[in-house]
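Contents: one structure, followed by commentary.
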Amino acid sequence: MRKASRSSGGTRSRCRTRKPSRSSGRSGRWAMGYSDEAEDLVLGDDVTIGEDARIAGGKIVLGDGVVIGRRVDIEVSDRLVVGKGSLIRDGTILHGRKIELGREFYANHDAEFGGGSCFEATSSLKIGYWFHIGSYAMVNTAMPVTIGNEVGLGRFTNLYTHGAYLSMAEGFPVTFGPISLGDRVWLPSATVNPGVTIGDDVVVGVGSLVMHDIPSNSLAVGVPAKVVKEHYPVRPPVEEVIGRIRPQFDAWGVRGEYDAKRGVVRIGKTDFHIPDRRIDGSSSKETERVRNLLRRLGIRFRYEVVGGAYAPWSD
């Protein structure tokens, strides 16, 4: 990683082209007219920052291949780390004190992190890999928020770590509390109240209001949300999984070979092993398309392309 160069005034004007540092080997890409107001901006290779984006605060670290969209507003007073291959789309707001975003973090347009009290000492946000947040969703970080791996927040989902407006001195409710989401959690257009903990492998129904903790391996729905199914989900036989993938791929025009017993989808000479999420073989435009289509079915792989072949993540 390299440190970004600074102008004598310390802030990039919107009419300038962002220049690379004088360090050799810089390979980042730059858009015209973004504002660098950070004390220390550290950029990985092939970082793209969109027009009219603002990056402010303390130490800001953007990993390799990170893409920041247009009009994104970043202000993190202490430290922000954005993991490799992350994409933050246009108009997203990212405010707070201490924020750590894992690999392949994805924020759709106009998502928001921060809100009331997000710059107070109690504020922090830590998110694992493969996080997705839909447009117009909001994560309030007045209190600590911890989110595991492979978690999705659908459009208009809201996580609140504080609830207050009318006077506590007159008996109105005022609540502050951290939020914790485990691994493999899906919240489509739901609301989570302060102090809630949600375990691993949980799905919450559309439009639900989560007021109390939800244990792992649960399906919960309603206002307030209640667990309606335990021991969830139930893993289907691999033959059934391949049987569902194949007609979907046929509809998408994917030409592949299928080994239902082993749970393998073969594209050319590259094998996608579904049960253990493994890829063997070389990459091509078509295999990358298939990897993305499998992602659309919720099947993701901790693999990257190295020298034209698929290899497990190195970090």
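In my numbering, the protein residues as written are 14 to 328. The beta-carbon is built from N, C-alpha and C at its ideal position, and this holds for glycine as well. Bear in mind the structure is a predicted one, so any value in this text is a computation, not a measurement.
Coarse secondary structure for residue i, derived from DSSP in three states
{"i": "alanine 322", "result": "strand"}
{"i": "glycine 71", "result": "strand"}
{"i": "lysine 242", "result": "strand"}
{"i": "arginine 313", "result": "coil"}
{"i": "lysine 111", "result": "strand"}
{"i": "serine 327", "result": "coil"}
{"i": "threonine 61", "result": "strand"}
{"i": "threonine 105", "result": "coil"}
{"i": "arginine 308", "result": "helix"}
{"i": "glutamate 133", "result": "coil"}
Boundaries (first-last residue) of the beta strand (DSSP E) holding residue i
{"i": "phenylalanine 126", "result": "125 to 127"}
{"i": "tyrosine 271", "result": "270 to 272"}
{"i": "isoleucine 87", "result": "86 to 95"}
{"i": "arginine 279", "result": "277 to 280"}
{"i": "isoleucine 292", "result": "291 to 293"}
{"i": "alanine 233", "result": "231 to 234"}
{"i": "threonine 283", "result": "283 to 286"}
{"i": "valine 219", "result": "Looking at the DSSP string, valine 219 is not in any beta strand (DSSP E), and its letter there is neither H nor E."}
{"i": "serine 48", "result": "48 to 56"}
Range covered by the alpha helix (DSSP H) that runs through residue i
{"i": "asparagine 121", "result": "Taken as a continuous stretch (DSSP letters only), asparagine 121 belongs to no alpha helix (DSSP H), as it is neither H nor E."}
{"i": "valine 262", "result": "Reading off the sequence shown, one finds phenylalanine at residue 262, where the question assumed valine. 251 to 264 is the span of the alpha helix (DSSP H), which, as asked, contains phenylalanine 262."}
Sub-9 Å separation of residue i and residue j beta-carbons
{"i": "lysine 111", "j": "leucine 138", "result": "yes"}
{"i": "leucine 353", "j": "glycine 235", "result": "Look at the range of the chain in this structure, 14 to 328, and you will see that residue 353 is not part of it."}
Counted within 10 angstroms of its Cβ, other Cβ atoms place residue i as buried (16 or more) or exposed
{"i": "isoleucine 68", "result": "buried"}
{"i": "valine 198", "result": "buried"}
{"i": "arginine 290", "result": "exposed"}
{"i": "valine 247", "result": "exposed"}
{"i": "arginine 35", "result": "In this predicted model, arginine 35 has a pLDDT of only 27, less than 50, meaning its place in the structure is not dependable; the value taken from the coordinates is given anyway. Label assigned to arginine 35: exposed."}
{"i": "tryptophan 265", "result": "exposed"}
{"i": "serine 136", "result": "buried"}
{"i": "tryptophan 326", "result": "exposed"}
At what residue ranges does the segment 141 to 214 contain a whole run of the beta strand (DSSP E), taking only runs of 3 or more?
151 to 153, 158 to 160, 192 to 194 and 198 to 200
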